[in-house]
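A.B. asks: Under my numbering, the residues of the sequence shown are numbered 1 to 938, in order.
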Amino acid sequence: MSGNSQWRSHWYIVAASSIALVSSPVQAQSNIVPDNTLGKEASVVTPNADNPLIEQITGGAQRGQNLFHSFEEFNVGEGSAVYFSSPNADIANILSRVTGNNASEIFGALGTSGASQPDLFLINPNGIIFGENASLNVGGSFFATTADSIQFDEEGFFSASDPETPPLLTVQPSAFLFNQINPGTITNLSTANAGTDPTATANLFGLRVPDGENFSLFGGDIEINSGGIVALDGGINIAAISSGGVELDSNYNFGIADNSVRGNVSLTNQAGLLSSGNNGGKIAIAAENIDISGNSTVFTGILSNLGSTEAQADNIVLDANNIAVDSSFVFNRINENATGKSGDLLINTNNLSITNGGRIGVLTLGRGDTGDVIVDASELITLDSTDTGSFTGILAQTSESGTGNVGQIEIETQNLNIANNARIATNTFGVGDAGDLSIQAQSLKIVSGAQLSTSSLDRGQGNAGNIAIDANNILLDGGENNIFTAITASIDTEASGEGGKIDIGSNRSIERLTVTNGAQILTNIFGNGDGGEITINASEQVLVSGENTRVKADLVSTANSNGIQGGNLTIDTKQLVVEDGAQVSTTTFGRGDAGNLIVNASEFVELRGEDNNGVLDENGNLVVDENGIPIGRFPGGLFAQVDLNGVGRGGNLTINTPNLSISDGSKVQVATFGKGDAGELNINAEQINIFNTPASSIFSTGIFGSVEIAPRTIDLPEGNGGDINIATSQLNVANGGKVSVTTRGIGNAGTLNITATDSIRISGVDPQLNNGDSLIGADVTENATGRGGDINIVTGDLTISDRADLTVSSLGTGRGGNLTVRANNLTLDNNAAIDAQTLTTDVGNINLSVTDLITLNNNSNITATAGTAQAGGDGGNINIDTLFIVAFPDDVMVSTSEERVVEAKGWRTKPDGTVVLVAENTPSMAIPWLDSYSCNTL
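(1) Distance, Cα to Cα, Val843 vs Ala468?
(2) With H, G and I counted as helix, E and B as strand and the rest as coil, what does DSSP make of Asn652?
(3) Do Ala231 and Phe254 come within 8 Å of each other at the CB atom, strictly closer than that value?
(4) Can you find the residues in the same chain that come closer than 6 Å, C-beta to C-beta, to Val246, ignoring five residues on each side of it along the sequence?
(5) Can you tell me whether DSSP reads Glu41 as helix, strand or coil?
(6) Could I get the ranges of all uninterrupted beta strand (DSSP E) runs contained in the segment 696-756, with 3 residues as the minimum, in chain order?
(7) In whole angstroms, what is the alpha-carbon distance linking Ala966 and Leu856?
(8) Indicate the three-state DSSP secondary structure (helix, strand or coil) for Ser801 in the structure shown.
(9) Between which residues of its own chain and Asp326 is the CB-CB distance below 6 Å, once the five residues before and five after are set aside?
(10) DSSP state of Tyr83, grouped into three classes?
(11) So, are the CB atoms of Thr781 and Gly736 less than 8 Å apart?
(12) At which residues does the beta strand (DSSP E) containing Gln270 begin and terminate?
(13) Have a look at Asn269, Leu303, Asn264 and flag the residue whose alpha-carbon is nearest the alpha-carbon of Asn289.
(14) Keeping to the same chain, check which residues put their C-beta closer than 6 Å to that of Asp119; ignore five residues upstream and five downstream.
(15) Count the other CB atoms within 10 Å of the CB of Pro125; is the residue buried (16 or more) or exposed (fewer)?
(16) Among Leu267, Val544, Ile521, Gly719, whose alpha-carbon lies nearest the alpha-carbon of Asp291?
(17) Can you find the residues in the same chain that come closer than 8 Å, C-beta to C-beta, to Gly465, ignoring five residues on each side of it along the sequence?
(18) Given a cut-off of 8 Å on the beta-carbon distance, is the pair Leu644 and Gly595 in contact?
(19) Quick one: what does DSSP say Gly906 is sitting in, helix, strand or coil?
(20) So is Glu606 buried or exposed if we call it buried at 16+ other beta carbons inside 10 Å?
(21) Identify every run of the beta strand (DSSP E) within the segment 107-143, keeping only runs that are complete inside it and at least 3 residues long; order them along the chain.
(22) Around the Cβ of Pro635, are there at least 16 other Cβ atoms within 10 angstroms (buried) or fewer (exposed)?
(23) Among Thr297, Thr516, Leu522, which has the Cα closest to the Cα of Val542?
(24) Give me the Cα-Cα distance between Asp611 and Ser666, rounded to the nearest whole angstrom.
(25) Would you mind stating whether Ile685 and Asn659 have Cβ atoms separated by less than 8 Å?
(26) So what's Asp369 in DSSP terms, helix, strand or just coil?
(27) Considering only their Cβ atoms, is the gap separating Asn472 from Gly518 smaller than 8 Å?
(28) Where does Asp829 sit, in a helix, a strand or coil, going by DSSP?
(29) With a threshold of 6 Å on Cβ separation, who are the neighbours of Ile754 within its own chain once the five nearest residues in sequence on each side are excluded?
(30) State the start and end residues of the unbroken beta strand (DSSP E) segment that holds Ser157.
(31) Can you tell me whether Pro34 is buried or exposed? The criterion is at least 16 other CB atoms within 10 Å of its CB, across all chains shown.
(32) Are there 16 or more other CB atoms within 10 angstroms of the CB of Lys40, so buried, or fewer, so exposed?
(33) Under the rule that 16 or more other beta-carbon atoms within 10 Å means buried, what is Pro167, buried or exposed?
(34) Run through DSSP, which three-state label would Ala287 get?
(35) Return helix, strand or coil for Glu223, following the three-state DSSP convention.
(36) Need the endpoints of the beta strand (DSSP E) that Lys282 sits in, please.
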């Protein structure tokens with residue numbers, strides 16, 4: 001894992017350089033001047049007889065377990081060492097204050113010695129500076145503060161700004177009080193050699209306390225510039241307070257007092273905080289602003305080759321109004337060959353910014369579960385890699401070498417913006433499940449290569465997590481370059497496990513979801529396991545737009561090569577718009593069945609436009625296949641399909657809406673390109689409008705159930721086509737629109753069932769347009785061997801006009817289907833046709849049951865023909881049951897069947913030349929029988 005290598009490299013390189021720095025330091029005598037505030041108990045500074053650069057501090061005022069010192073000046077020179085002496089084993093705390101006006105400069109070694117291993121407190125309200133070669137050699141924990149005083153519960157205070165002889169302060173310190181304006185800054189520049197970790201695998205640098213102890217900085221501002229702080233298995237506490245107080249409990253956990261004014265904390269230029277170990281310690285930072293930048297690191301967890309099954313690392317807590325992580329890393333992690341559980345990463349802020357390769361999260365590279373990442377940002381979270389293009393993000397992950405479940409990522413904010421390759425991800429590359437990802441926001445923007453993901457990757461053995469998003473407005477935008485931008489839950493090719501679910505708006509319905517410019521929402525199964533579901537609830541609109549894209553803007557739930565079951569995709573909204581080549585689909589590419597696609601839109605579903613782009617060659621020309629079809633151009637719409645290599649069943653596609661509009665090259669399609677059967681298509685809509693197949697289009701506009709041949713292949717698909725069931729009040733098919741069931745392969749076409757309680761209108765368009773004739777049809781195409789589908793229509797009025805066609809046909813060897821119409825009225829006008837035809841095989845029957853009137857006008861016809869390729873085959877029967885047929889001149893009914901075309905009781909001629917066929921005898925019409933041939937030649 002790159003984060004691990006960077007951490008080791010960083011700590012090793014800086015430590016090595018610090019060794020060079022201290023090998024020949026500039027030496028300076030310390031400047032330590034006791035004051036007179038302790039009277040006879042004043043501090044005593046004694047140089048070492050053999051080395052005057054080493055000084056011992058004795059004396060002081062002992063109060064029970066506490067030993068107090070007071071100085072006017074306190075500075076440790078470069079190359080010098082100063083030790084506070086513990087006179088007896090009872091001493092638990094040594095507290096030293098500076099009452100003068102100057103900051104303390106700690107440029108050498110500061111430590112404790114003597115009869116106990118006490119905690120050391122250094123108090124200077126003017127400021128404290130730790131130089132590049134500063135180091136610690138204390139027996140216990142270390143506190144550096146620019147507070148005015150330290151409180152001891154109810155016993156009193158030890159004050160640097162109002163120095164007095166300390167009263168009977170025998171208890172543990174309980175608070176640090178900041179009473180004066182602009183307390184001093186604490187600066188840490190230390191890169192001194194701090195030894196190695198317990199396994200001697202990493203060199204450490206900076207200010208180090210003994211393992212298991214705490215290191216605390218409480219000041220006005222805290223600046224750690226290149227400096228390091230090491231508290232293995234202990235705690236690191238940093239709080240920046242301008243006024244107010246820091247409260248401390250008996251375990252040295254701190255809290256900020258109410259009404260406190262905070263300062264700033266910065267870690268810059270490869271600064272580092274490290275509290276990992278056998279049981280990683282806590283790191284807590286509180287400030288107004290926290291800035292972690294310049295390849296700085298904040299790490300806790302369990303170090304390599306350490307830990308146990310019971311080991312539990314503590315948490316990292318960042319608490320500030322504004323937090324920025326730039327080109328830096330904050331991780332709670334289990335290292336390689338380590339055992340145990342990592343702690344959580346907890347962030348509480350108004351604004352969180354992670355930029356330019358910055359990363360935060362929880363990791364396991366060893367054996368054990370990770371903790372959780374919980375981010376509460378009341379205003380804004382920004383993740384962006386604008387400057388470097390490198391991976392930036394929030395991560396919870398098990399590495400390839402890791403064994404353990406991944407924790408959750410929980411994010412709550414008003415606005416979450418993720419851009420330019422930034423990611424929020426829970427992944428497993430090893431053995432263990434990926435965690436869930438939960439986002440609550442008012443606005444969520446994922447743009448220009450950004451991703452939200454939960455996955456089992458590479459050879460991972462574990463389930464993908466679930467993604468739950470509740471945000472009023474969600475935007476996924478691939479940008480001008482159509483970079484892959486996604487919300488995804490997937491199982492990789494060689495991985496195993498169940499796919500995760502993507503749930504958008506289920507707990508609190510979102511208002512709008514927009515997916516555009518190559519962005520995607522998808523659940524993928526490339527390995528072994530069931531696919532997850534996608535569920536979208538949007539109270540206003542879902543817009544999926546492929547405008548100017550070369551990569552499809554899809555919502556996809558896919559069961560791939562070794563998958564078992566693809567997940568369902570369900571959209572509940574007021575308005576669904578899919579445009580410009582965008583697709584909403586479920587697909588199976590392998591043995592597993594695809595999930596179902598279900599759309600519920602309370603106002604309308606609008607599908608419009610196709611992808612007008614494609615793959616370009618080096619000269620900028622559109623690349624086409626052997627059939628002249630542009631490669632990389634896609635129709636838009638709703639799809640439930642079986643891919644070329646699919647053997648599982650395709651999912652069902654269901655649309656429930658008052659209004660369905662399909663135009664300009666878009667489709668609603670259930671299809672199989674492989675061995676698996678296509679699913680059913682069920683549409684329930686008050687009104688359906690299908691129109692406008694553009695002249696430049698290579699795709700028909702409409703509703704399709706198909707057995708399709710995949711591009712650039714000659715293999716005939718074996719799967720059967722799915723049925724289409726349409727229930728509507730009005731169905732309008734115009735200007736090149738189509739509704740059809742087709743087989744182009746070995747499999748049989750499905751059945752087309754249409755019930756339109758009011759009317760069906762099919763109207764054609766200029767024949768110069770590509771795919772220009774409107775139709776409702778059931779076809780067997782050339783070379784196909786599957787059986788054609790039947791068409792069953794029930795409606796009030798059926799009108800076919802302007803070259804439009806209602807047809808069942810076979811151009812292959814498969815038998816054509818039957819056409820059955822039940823209507824109140826049937827009208828054919830202006831070269832319209834109802835036909836059943838075949839080239840080489842039998843064609844089905846045409847059955848027309850019309851309650852009132854059949855009208856044929858302007859070269860319209862009803863025909864059933866067979867053997868048009870002189871290869872034989874029987875034409876189907878034309879069976880008409882109606883009260884009246886009105887046929888104008890040049891309108892014909894033809895059948896190559898030996899049976900009669902029309903069984904009529906008689907006929908009469910109107911003054912305008914109209915021929916009326918009478919279907920039953922009446923007292924006013926005693927007309928002799930006419931044979932069918934005579935009727936057809938009128």
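Note that beta-carbon positions come from the ideal geometry of N, C-alpha and C, so glycine has one too.
C.D. replies: This is what the structure gives:
(1) 52 Å
(2) coil
(3) no
(4) Phe176, Phe218, Ala239, Phe254
(5) helix
(6) 701-707, 724-734, 737-743
(7) Nothing can be reported for residue 966: it is not among the residues displayed for the chain, which extend from 1 to 938.
(8) strand
(9) Ser293, Thr355, Asn356, Gly358
(10) strand
(11) no
(12) Looking at the DSSP string, Gln270 is not in any beta strand (DSSP E), and its letter there is neither H nor E.
(13) Asn264
(14) Asn93, Gly140, Ser141
(15) buried
(16) Leu267
(17) Val406, Gln408, Thr426, Asp433, Ala434, Gly435, Asp436, Leu437, Thr454, Ala489, Gly500
(18) no
(19) Any reading at Gly906 must be qualified, since the residue scores a pLDDT of 44, below 50, and its modelled position is unreliable; no value is offered.
(20) buried
(21) 109-114, 119-123, 128-130, 135-137
(22) buried
(23) Thr516
(24) 9 Å
(25) Sequence check: residue 685 is Ala here, not Ile. Closer than 8 Å, so yes.
(26) coil
(27) no
(28) strand
(29) Ile726, Ile793
(30) In the sequence under discussion, the amino acid at residue 157 is Phe, which differs from the Ser named in the question. Where Phe157 is concerned, the enclosing beta strand (DSSP E) stretches over 157-159.
(31) buried
(32) exposed
(33) exposed
(34) strand
(35) strand
(36) Premise fails: Lys282 is in no beta strand (DSSP E) and is neither H nor E.
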